[in-house]
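Peer 1: Numbered as in the UniProt record's numbering, the sequence shown ends at 634 without a single skipped number.
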Amino acid sequence: MGYLSILHEAQPFSLLPPEALQAALVKCESRLYPKGTYIFRQGEPSRAVLYILTNGLAEVVLTNEKGEDNVVGLRQPRDFFGETVLFNDKPYPGSVRAVEDCICLLMPREVFESLLENYPKFAGYFTQTLLERMRVIYEEVVAEQSYLAGNLETQPFRKRLSEIMTSPVLTCRANQTVTEVAQLMAERNIGALVVVDGQERAVGIVTDRDLVAKVLAQGCPQTGDITADMVMNTQLVSLPPDAFYSEALLAMVKNKVKYLAVVDQGHLFGIISMRDLIRARSSGALTTVDTIETSRNLDDLVQATREVDQVLVGLLAENAPIEEIFVVMSEFYDRLTAKVIQLAEEEMVQAGLGTPPVPYCFITMGSGGRKEQVLRTDQDNGIIYADVPANLAEEAQNYFLTLGEKIVNGLVACGFARCKGNVMASNPEWTKPLRQWYLDVTSWIAQPVPEIVRKLTIFLDFRPVYGKKELAQDLRHFVHRRVEDYPVLLHFLAKDDLEYKVPLGFFRQFITEKHGEHKNEIDLKRAVCVHMVDCARIFALKWGIDETSTLGRLKIMEQRNIFNPEDSEYYSTAYKILMTLRLKTNLKKLEQGLEADNWINPNQLPKKEAATLRYAMLAVDKLQSFTGTVFHAG
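1) By Cβ distance, which residues of its chain are closer than 8 Å to S273, with the 5 residues on each side in sequence left out?
2) Please confirm if the segment 570-581 is in contact with the segment 611-629, defined as three or more CB-CB distances below 8 Å between the two stretches.
3) Please name the residue in I52, T54, T37, N55 whose C-alpha comes closest to that of V61.
4) Within 10 angstroms of its Cβ, does D299 collect 16 or more other Cβ (buried), or is it exposed?
5) Tell whether a beta-carbon distance below 7 Å holds between A186 and D229.
6) Just to confirm, is the Cβ distance from R560 to A536 under 7 Å?
7) With K432 as the anchor, note down where its alpha helix (DSSP H) starts and where it stops.
8) If you run the structure through DSSP and keep just helix, strand and coil, what is H8?
9) Does DSSP put T154 in a helix, a strand or coil?
10) Return the chain-ordered ranges of every beta strand (DSSP E) run that is complete within the UniProt domain "CBS" (165-226) and spans a minimum of 3 residues.
11) Examine the ligand MN and report whether any of its heavy atoms sits within less than 6 Å of the Cβ of V328.
12) If you compare alpha carbons, which of G2, D534, L590 is closest to L460?
13) Within 8 Å, do at least three Cβ pairs link the segment 84-97 to the segment 14-23?
14) Identify whether S146 lies in helix, strand or coil by the three-state DSSP scheme.
15) State the CB to CB distance for the pair L489 and P448, rounded to an integer number of angstroms; the pair is presumed to be in contact (CB under 8 Å).
16) Quick check on Y438: does DSSP put it in helix, strand or coil?
17) Roughly how many angstroms lie between the CA atoms of L587 and A596, to the nearest whole one?
18) I need the boundaries of the beta strand (DSSP E) containing R75, first residue and last residue.
19) How many angstroms separate the CA atom of L50 from the CA atom of A24?
20) In the DSSP assignment, the alpha helix (DSSP H) including F478 goes from what residue to what residue?
21) Mind the definition here: the segment 437-454 touches the segment 334-343 only if three or more C-beta pairs lie below 8 Å; say whether that holds.
22) Suppose you measure from the CA of P433 to the CA of I538; what does that come to, to the nearest Å?
23) Given that a residue counts as buried once 16 or more other Cβ atoms are within 10 Å of its Cβ, and exposed if not, what is L623?
24) The alpha helix (DSSP H) that contains C104, what's its start and end?
25) Can T227 and T171 be called in contact, C-beta distance under 7 Å?
26) Checking the sheet assignment: what are the DSSP bridge partners for C361?
27) Give me whichever residues DSSP pairs with W599 in a beta bridge.
28) Going by DSSP in three states, F80 sits in which element: helix, strand or coil?
29) Mapping the DSSP letters down to three states, classify N55 as helix, strand or coil.
30) Whole-angstrom Cβ separation of Q379 and L403, contact assumed at under 8 Å?
31) Within 10 Å of its beta-carbon, does F122 have 16 or more other beta-carbons around it, so buried, or fewer, so exposed?
32) So, for T234: in the same chain, excluding its five sequence neighbours on each side, which residues have a beta-carbon less than 8 Å away from its beta-carbon?
33) Sort S426, L475, A396, P240 by Cα distance to G354 and report the nearest one.
34) Can you give me the C-alpha to C-alpha distance between P487 and E324, rounded to a whole angstrom?
35) Does the segment 512-524 touch the segment 424-440, meaning 3 or more C-beta pairs lie closer than 8 Å?
36) Considering only residues of the same chain and omitting the five flanking positions on each side of Q303, which have a CB-CB separation below 7 Å?
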């Protein structure tokens, strides 16, 4: 039997058309391995070929630490091996030995890669191999992007806490008096002491601020009777020694603390202060937090947005992964938004309109709701306020619409453009009492016409940013109940997404715009990324998942065994690649004075980046196909 016939009967090569197999065979080498010889040995470097056994029998051998060989598998004709290290150039994790005379076809990496790119069904058989290939190229691309920082100074976001913490830590016992604590702090010129128990475990922290607020300000005359455990803060924020600078920054910002403990398995390793982070940085990342929190007007906040941009530059210069950039930038934008709202509330009081008549919650939707808004783009927001009696309904609506207009204007001043579709808190459709939200959501879900479906794709990623967050939680739970009542919605959402497929041709070539100002380009946001976002959202709705971020949704679906770990990582890695490329492309355009519009010419990308984009788009295509099958929308 000829090699072509053998391959045609072997999975997954049987998925390839005969002409593709014939073209690949021309570039393969046939090699004989006599009985007892090794095809390759454990620990040898990858030879960058895929082995396809055509004749004979081979065994997979693992050598343990004692040098003992263990046979863990057999390979028969039509089996392949060597794919696990085909792209990453790592050593072979095991040996393959000929049990009898063997003949193998050796397919070069470039030939195999071309088949993966051009034949999606064939590629689907090699998810893990594709994932490894994407990861390798992605790491190379990210490592090369530090130029995005321009001439601005960088920040140490990739430093470990073990590099910047103070150690050993000065501690005190819970039963020591505040007088002793104050003396220790004065002697060592420090602003805090960690309180430990008899097993040297951290149980709290006493800061100079605690002493002032809880002892001196209270006019306590007998400080000798007051012990550390009476004034300490028991909510001691801690991180492990291998946590990054950026994680410490985020923890301090979220918890509004100036100290955090470095703890590993209950053992106190060190302490990090706000001052330590300031000393470690080379530009004003931490002062940005203070600038936001202490802003008294919009002019101050506008200055803070410039400082936030510096934080982004620092993250990029330190090659921070996109998921870390999402978290840090979302936290800053949430704080900016909250401050804008506080200033708007003050304006309402100054204008004689008073304070909010009932509790309310400001929500953000779209990319902001998914915590994926890295650059300041347009707004998608609204207000949920508590129900009021009918006789007060108009008054409450007028108040919150006026407040919403002030918030929207404030965000515009900070660089968040008005939404062209008017999905903003200044629009009565997006600012209303909880009861009306319930009615509208029921109507939207029960009648998913195309216009409503597109509205839902923005709304369904909502999350609370400011105010009474329970209102948003109630609305989220209501959405889940309505989706259970009207599961057909999921079919229509999937059908809407599958109306357009990933722009890859039959032979996996990029399909670009044929005419107009974006000729030869692809819209990374609307033609590629949106499909990953849509599909993850649909599955999250199906399973009642509250999480709104795309990567978070994928992770939860893996944990719930909705996606297998291999596919979940494949999709997540692809999404990280796409979002990194989007950010890189848009920043480059901004540097050139152009609009950050997400359009890219794939044929002008460096070879590695073009390959990475194609692999990521294959992953999106696979998820789209799976979504279509599950929700009967293909």
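Note that CB positions come from ideal geometry on N, CA and C, so glycine has one too.
Peer 2: Taking the coordinates as given:
1) T166, G191, A192, K258, Y259, listed in sequence order.
2) The segment 570-581 vs the segment 611-629: in contact.
3) The residue with the shortest Cα to Cα distance from V61 is T37.
4) Counting the other CB atoms within 10 Å of its CB gives D299 a total below 16, which places it among the exposed residues.
5) Not in contact: A186 and D229 (Cβ atoms no closer than 7 Å).
6) In this structure, R560 lies away from A536, with their beta-carbon atoms at least 7 Å apart.
7) Bounds of any alpha helix (DSSP H) do not take in K432; it lies within the beta strand (DSSP E) bounded by 431-433.
8) DSSP places H8 in helix when its eight states are reduced to three.
9) For T154, the pLDDT reaches just 44, beneath the cut-off of 50, and the residue's location in the model is therefore unreliable, although a value from the coordinates is still provided. Looking at T154 - three-state DSSP - the assignment turns out to be coil, as it is neither helix nor strand.
10) Whole beta strand (DSSP E) segments, 3+ residues: 171-173, 192-196, 202-207.
11) Of the ligands one can find in the structure shown there are none, so the ligand MN has no counterpart to examine.
12) With distances taken between Cα atoms, L460 lies closest to D534.
13) Verdict: no, contact absent.
14) Caution applies to S146, whose pLDDT of 47 falls short of 50 and renders its modelled position unreliable; the model cannot decide the point.
15) Contact annotation, L489 with P448: C-beta distance approximately 5 Å; criterion of less than 8 Å satisfied.
16) DSSP, read as helix, strand or coil, puts Y438 in helix.
17) Using only the alpha carbons, I get a separation of about 7 Å.
18) Per DSSP, R75 belongs to the beta strand (DSSP E) from 69-75.
19) Cα-Cα distance, rounded: 12 Å.
20) Taken as a continuous stretch (DSSP letters only), the alpha helix (DSSP H) holding F478 covers 469-485.
21) As far as the Cβ criterion goes, the segment 437-454 does not touch the segment 334-343, which means the pair count is below three.
22) Distance from the CA of P433 to the CA of I538, rounded to the nearest whole angstrom, comes to 26 Å.
23) Its Cβ being crowded by 16 or more others within 10 Å, L623 is buried.
24) From DSSP, C104 is part of no alpha helix (DSSP H) but of the beta strand (DSSP E) over 102-108.
25) Taking the C-beta atoms as reference points, T171 is found no nearer than 7 Å to T227.
26) Answer is I384, G467, bridged to C361.
27) BP columns for W599 point to D523.
28) In this structure, F80 counts as strand in the three-state DSSP scheme.
29) For N55, the secondary structure class from DSSP, reduced to helix, strand or coil, is strand.
30) Contact check for Q379 and L403: beta-carbon distance about 15 Å, past the 8 Å limit, so the pair fails to qualify.
31) It counts as buried.
32) Answer for T234: V203, G204, listed in chain order.
33) G354 has its Cα closest to that of A396, out of S426, L475, A396, P240.
34) When only Cα atoms are considered, P487 and E324 end up about 34 Å apart.
35) With a cut-off of 8 Å, the segment 512-524 and the segment 424-440 do not count as touching, because too few Cβ pairs lie within range.
36) For Q303, where only same-chain residues beyond five positions count, the Cβ hits under 7 Å are T291.
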